[in-house]
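Going by the working numbering, the first residue of the sequence shown is number 34, and it counts up by one from there.
Quick notes on the structure that follows.
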Amino acid sequence: MRVLLVGGGGREHALGWKLAQSHTITDLIAVPGNPGFAQLGACIPGIDIKDTEAIVDLALANAIDLVVIGPEAPLAAGVVDALTEAGVRAYGPTKTGARLESSKAFAKEIMRRAGVPTANSRAFTDVDEAIDYLETVKPPYVVKADGLAYGKGVLVTEDLIAAQGWARLCISGEFGEAGSTVVIEDHLAGQEVSVFAICDGTRAVALEPARDYKRHLDGGRGPNTGGMGCYSPVTDLPDDLVDRTITQVIDPVLATLAEDGIEYRGFLYAGLVLTDEGPKVLEFNCRLGDPETQVLLSRLNEDLLELLVSAAEGYMPDGPLQWYDRAAVDVVLTAAGYPDNPEVGRAISGVNEVNSIPNVQVFHANTKRTPDGLITAGGRVLNIVATGQTVPEARALAYEAASHIHFGGIHFRRDVAQS
Ligand SMILES: Nc1ncnc2c1ncn2[C@@H]1O[C@H](COP(=O)(O)OP(=O)(O)OP(=O)(O)O)[C@@H](O)[C@H]1O
Ligand SMILES: [Mg+2]
34 MRVLLVGGGG REHALGWKLA QSHTITDLIA VPGNPGFAQL GACIPGIDIK
84 DTEAIVDLAL ANAIDLVVIG PEAPLAAGVV DALTEAGVRA YGPTKTGARL
134 ESSKAFAKEI MRRAGVPTAN SRAFTDVDEA IDYLETVKPP YVVKADGLAY
184 GKGVLVTEDL IAAQGWARLC ISGEFGEAGS TVVIEDHLAG QEVSVFAICD
234 GTRAVALEPA RDYKRHLDGG RGPNTGGMGC YSPVTDLPDD LVDRTITQVI
284 DPVLATLAED GIEYRGFLYA GLVLTDEGPK VLEFNCRLGD PETQVLLSRL
334 NEDLLELLVS AAEGYMPDGP LQWYDRAAVD VVLTAAGYPD NPEVGRAISG
384 VNEVNSIPNV QVFHANTKRT PDGLITAGGR VLNIVATGQT VPEARALAYE
434 AASHIHFGGI HFRRDVAQS
């Protein structure tokens, strides 16, 4: 099988690493890929991954058997629709299916129709109406840009003025079209957890849960980021959480989408809060998470390519997925200035040494290969993923390994997977 992977971050390196282990893979290509992925297959730089026509041309020119899409932007742009029209098999939701992530108002409407537990909310395009409405609700206030804002579109605050300012900022164009509608919803209190599923249009099979660390600094302080670390399994969850998420959240959503003629074939990521009234949905993402992918694929005992081909064809095998009896921890190494203004171009050392440590895998996120060696090329630079019999064992190994990586200004959280 010839596979094209769309994307270039840590999630995509991990997807490539797992797909390369398949017994049916012959060729692996990534657009744009990254220096880590380059050890697994060819990388095609210089193509905008939201340019659906260019992705179709690339897939046809390389006689691709399956296209796997990592990030949300190409999915929201309709790359799967274009590939399918051109007769190229792809795994990921169509443009309308991807609206579960690319429009929070749409997701709320689907959840309302499907009877899925979530926060009460209202959507606004008129800033004065949004501001007046905020006067009537209790703090904490939750104001969200409707569209894709890459983790930067949501404000949770006790401060009414700040909440009203955020609504004004969104609607007046801070996030472009993505903010022209804002969703204002009730605050939900409780622990957050992510549950992922592989969907084949009618059925959903759950992956194991994972917990990520969004905030920049130890103790959950500082700004939200794309994710500073992650671990799996998550042992302090209600035993039936995954099954309930499939039967009470994901299956009803798939059925409601199907009523509208939308067959959802793709990963579906439910961001949940465990409230006193039970689990409630914060949001959906129409792709796997980053860094969750890195730990989940380190634990998955399945041929990923076979799984995605059958899901793309609409007939996933029955029964739960197989998992290795081991835990995984990912520590994300970031650049100085991240998340707002990351420094780039710092020389990186220690990657090969760390990759040779048993049960440790380095997944590249933002790195660049130069004649003088590897350098940093963005905010999240490398993922250090270690596995072990227990989370504490995997954690100790991940931090031991991370201590051998060096680049100027390096920052990582010291409390990932700390019990
Ligand atoms: N109703 C709510 N009550 C309390 N906290 C909330 C609520 N909605 C969102 N949050 C907080 O804001 C964070 C981001 O919100 P959400 O997941 O909807 O946005 P996002 O930008 O799509 O995030 P991601 O980048 O993870 O996809 C959540 O992880 C949670 O911590
Ligand atoms: Mg989201």
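Glycine included, C-beta positions come from ideal geometry on N, C-alpha and C.
Starting from Phe139, trace the alpha helix (DSSP H) in both directions and tell me its first and last residue. Reading the sequence shown from its first residue, position 106 is the one you call residue 139. Counting along the chain, the alpha helix (DSSP H) containing Phe139 begins and ends at Lys137 to Ala147.
For Asn318, verify whether its CB is less than 7 Å away from any heavy atom of ligand 2. On the sequence shown, residue 318 is found 285 positions in, with the first residue counted as 1. Indeed, a heavy atom of ligand 2 lies less than 7 Å from the Cβ.
contact_flag[the segment 363-379, the segment 407-421] where n(CB pairs < 8 Å) is 3 or more: Yes, they touch.
On the criterion of 16 or more Cβ atoms from any shown chain inside 10 Å, does Asn67 qualify as buried, or is it exposed? As a position in the sequence shown, residue 67 is number 34, starting the count at 1. With 16 or more other Cβ atoms within 10 Å, it is buried.
So does Glu134 have its beta carbon nearer than 7 Å to some heavy atom of ligand 2? Position 101 of the sequence shown, counting from 1, holds the residue named residue 134. Yes, Cβ of Glu134 sits closer than 7 Å to a heavy atom of ligand 2.
At least three beta-carbon pairs within less than 8 Å, the segment 134-148 to the segment 168-183: In short, these stretches touch, since the Cβ pair count reaches three.
Between the segment 68-81 and the segment 39-54, do at least 3 Cβ pairs fall closer than 8 Å? They touch, by the three-pair rule.
Unbroken beta strand (DSSP E) run spanning Gln394, endpoints: Here residue 394 refers to the residue found at position 361 when the sequence shown is read from its first residue. Where Gln394 is concerned, the enclosing beta strand (DSSP E) stretches over Val393 to His397.
Would you kindly work out how many angstroms separate the C-alpha atoms of Gly383 and Asp363, rounded to a whole number? Translated into positions along the sequence shown, residue 383 becomes position 350. Translated into positions along the sequence shown, residue 363 becomes position 330. Their backbone Cα atoms lie some 17 Å apart in a straight line.
Should Lys177 be listed as close to ligand 1, given that the test is whether its C-beta is under 7 Å from any heavy atom? The count along the sequence shown starts at 1 and reaches residue 177 at position 144. The closest heavy atom of ligand 1 lies less than 7 Å from the beta carbon of Lys177.
Is any non-hydrogen atom of ligand 1 found closer than 7 Å to the C-beta of Asp363, if you look at the structure I gave you? For the purposes of this step, residue 363 is taken as the residue at position 330 of the sequence shown. Not so, every heavy atom of ligand 1 lies at least 7 Å from the Cβ.
Three-state secondary structure (DSSP) of Glu316: Here the question's residue 316 lines up with position 283 in the sequence shown. Shown here, Glu316 sits in a strand according to DSSP, grouped into three states.
Cβ-Cβ separation, Glu325 to Cys263 (assumed contact under 8 Å), whole Å: Counting from 1 along the sequence shown, the entry for residue 263 is found at position 230. Counting from 1 along the sequence shown, the entry for residue 325 is found at position 292. Confirmed, Cβ separation roughly 5 Å.
Since Ala222 sits in a beta bridge, which residues does DSSP pair it with? Indexing the sequence shown from 1 puts residue 222 at position 189. The partner list for Ala222 (beta bridge, DSSP) is empty, contrary to what the question assumes.
So Pro65 and Lys83 are in contact, right, with Cβ under 8 Å, and what is the actual spacing, rounded? By one-based count along the sequence shown, residue 65 stands at place 32. By one-based count along the sequence shown, residue 83 stands at place 50. Contact annotation, Pro65 with Lys83: C-beta distance approximately 12 Å; criterion of less than 8 Å not satisfied.
Is it a yes or a no for the segment 221-229 touching the segment 293-308, going by three-plus beta-carbon pairs under 8 Å? Touching, per the Cβ criterion.
Does Ile102 come out as helix, strand or coil in the three-state DSSP assignment? By 1-based counting over the sequence shown, the position of residue 102 is 69. For Ile102, the secondary structure class from DSSP, reduced to helix, strand or coil, is strand.
Report yes or no: do the segment 162-172 and the segment 196-203 share at least 3 C-beta pairs separated by less than 8 Å? Verdict: yes, contact present.
For the alpha helix (DSSP H) holding Val328, just list the boundary residues, first then last. Stepping through the sequence shown from its first residue, residue 328 is reached at position 295. Residues Glu325 to Arg332.
Please work out which residues of its chain come closer than 8 Å, Cβ to Cβ, to Leu193, disregarding the five sequence neighbours upstream and downstream, and give them in chain order. Residue 193 sits at position 160 when you count from the first residue of the sequence shown. Spatial neighbours of Leu193 in its own chain (CB-CB distance under 8 Å, excluding positions within 5 residues in sequence) are listed in chain order as Leu167, Glu168, Pro172 and Tyr174.
Measuring only the C-alpha atoms, how far is Val170 from Val187? For this step, residue 170 is matched to residue 137 along the sequence shown. For this step, residue 187 is matched to residue 154 along the sequence shown. When rounded, the distance between both Cα atoms is 17 Å.
Report yes if the C-beta distance between Val337 and Leu52 is below 8 Å; otherwise report no. If you number the sequence shown from 1, residue 337 lands on position 304. If you number the sequence shown from 1, residue 52 lands on position 19. The question names Val, but residue 337 is Leu in the sequence shown. Leu52 is positioned such that its CB atom lies closer than 8 Å to that of Leu337.
Leaving out five residues before and five after His220 in sequence, what residues of the same chain have Cβ atoms less than 6 Å from its Cβ? If you number the sequence shown from 1, residue 220 lands on position 187. In chain order, Pro173 and Val175 place their CB closer than 6 Å to the CB of His220, counting only its own chain and leaving out the 5 sequence neighbours on each side.
So is the beta-carbon of Val187 under 7 Å away from any non-hydrogen atom of ligand 1? In the sequence shown, residue 187 corresponds to position 154, counting from 1. Closer than 7 Å to some heavy atom of ligand 1: that describes the Cβ of Val187.
Are the segment 141-155 and the segment 309-320 in contact at 8 Å, needing three or more beta carbon pairs? Result yes; three or more Cβ-Cβ pairs closer than 8 Å.
If we call anything under 8 Å between Cβ atoms a contact, is Cys319 one with Leu133? Residue numbering aside, residue 319 sits at position 286 when the sequence shown is read from its first letter. Residue numbering aside, residue 133 sits at position 100 when the sequence shown is read from its first letter. One thing to note: Cys319 has its Cβ within 8 Å of the Cβ of Leu133.
What is the DSSP secondary structure of Pro107, counted as helix, strand or coil? Along the sequence shown, one-based indexing puts residue 107 at 74. If DSSP states are grouped into helix, strand and coil, Pro107 belongs with the helices.
Pairwise C-alpha distance: Leu91 and Ile102: As a working mapping, residue 102 is identified with position 69 in the sequence shown. As a working mapping, residue 91 is identified with position 58 in the sequence shown. Rounded to the nearest whole angstrom, the CA to CA distance from Ile102 to Leu91 is 14 Å.
Quick one: does the C-beta of Leu341 sit closer than 7 Å to a heavy atom of ligand 1? As a working note, residue 341 is residue 308 in the sequence shown. Relative to ligand 1, the beta carbon of Leu341 is positioned no closer than 7 Å to any heavy atom.
Restricting to Cα atoms, I'd like to know which of Leu341, Leu274, Leu307 and Ala243 is closest to Asp323. Residue 323 sits at position 290 when you count from the first residue of the sequence shown. Of Leu341, Leu274, Leu307 and Ala243, the residue nearest in Cα terms is Ala243.
Cβ shell of Ser55 (< 7 Å), same chain only, five flanking positions each side left out: If you number the sequence shown from 1, residue 55 lands on position 22. Excluding sequence neighbours, Ser55 sits near Asp336, Leu337, Leu338 and Glu339.
Please determine, among Tyr297, Glu191 and Ala427, the residue with the shortest C-alpha to C-alpha distance to Val393. Along the sequence shown, one-based indexing puts residue 393 at 360. For Val393, the closest C-alpha among the options Tyr297, Glu191 and Ala427 is that of Ala427.
To which residues does DSSP link Trp356 through a beta bridge? In the sequence shown, residue 356 corresponds to position 323, counting from 1. The partner list for Trp356 (beta bridge, DSSP) reads Leu333.
Helix, strand or coil at Lys83 according to DSSP, with G and I counted as helix: As a position in the sequence shown, residue 83 is number 50, starting the count at 1. In the three-state reduction of the DSSP assignment, Lys83 falls in the coil class.
Span of the beta strand (DSSP E) holding Asp251? Here residue 251 is taken as the residue at index 218 of the sequence shown, counted from 1. The continuous stretches of beta strand (DSSP E) do not include Asp251, and DSSP gives it neither H nor E.
Within its chain, find whatever has a CB closer than 6 Å to the CB of Pro454; leave out the 5 residues flanking it on each side and keep chain order. Any answer about residue 454 is impossible in this case: the structure gives the chain only from 34 up to 452.
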